[in-house]
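Novice:
Numbering (this note's numbering), first residue to last: 1 to 131.
#1: So is residue 73 buried or exposed if we call it buried at 16+ other beta carbons inside 10 Å?
#2: How many Å lie between residue 34 and residue 41 at the Cα?
#3: Can you find at least 3 beta carbon pairs, one from the segment 111-127 and one from the segment 42-53, that sit closer than 8 angstroms?
#4: CB-CB under 8 angstroms to residue 25, same chain, minus the five flanking residues each way: which ones, in chain order?
#5: Report buried or exposed for residue 39, applying the criterion of at least 16 other Cβ atoms within 10 angstroms of its Cβ.
#6: Can you list, in chain order, the residues of its chain whose CB lies under 7 angstroms from that of residue 67, leaving out five sequence neighbours each side?
#7: Where do the ends of the alpha helix (DSSP H) carrying residue 44 lie?
#8: So, with DSSP's three-state summary, where would you put residue 81?
#9: Work out the CA separation of residue 77 and residue 65 for me, nearest whole Å.
#10: Look at the alpha carbon of residue 81 and the alpha carbon of residue 111, and state the distance between them as a whole number of angstroms.
This is the structure:
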C-alpha cells in the first residue's frame with residue numbers, strides 16, 4: 001500500500017538489505033502476502049497493521065502489477081491519501097520509512113513494480129486530484 005500525506009508526499013517503506021527477500025534495499029509500499037482464506041483487502045489491512053500499527057481506512061485500488069524482476073507474483077497495489085501522519089507509523093519490519101516529494105522519486109531506488117505503478121497510475125491520479 002502506498003501512503004500519500006495530506007501534503008501529497010509519499011511515505012515509503014525501506015526494505016531490509018537481506019538475502020532472500022525480493023528487492024532488498026529498495027523503497028516500496030507497505031504490505032505482504034495474502035494468507036489462506038483472506039481477501040486481498042483483508043490481507044492489506046492485516047499486513048499494514050502488523051508492519052506499522054496503523055489501521056487504514058478506505059484504501060483505494062490503484063493497479064495490479066506483475067513483479068517481473070522479483071518472484072513473478074501478481075501484486076495488488078492500493079493507496080490512501082491523507083489521514084496518516086508519518087509519526088503515526090511504528091515500523092516492525094524493514095529498515096525504515098521515508099517521506100518524499102514527487103520530485104525526489106526519480107533518484108530513489110524503488111522496487112521496479114512500485115516505480116511502474118507510481119509513474120503510470122498514482123502520479124496522474126494525484127495530479128488530476130489537485131486540479
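Every residue, glycine too, gets a C-beta built ideally from N, C-alpha and C.
Specialist: On the basis of the supplied data:
#1: exposed
#2: Rounded to the nearest angstrom, the two C-alpha atoms are 9 angstroms apart.
#3: no
#4: 14, 15, 16, 17, 95, 109
#5: Answer is exposed; the Cβ neighbour count stays below 16.
#6: 22, 73, 75, 113
#7: 40-52
#8: Here DSSP, grouped into helix, strand and coil, assigns residue 81 to strand.
#9: 8 angstroms
#10: 21 angstroms
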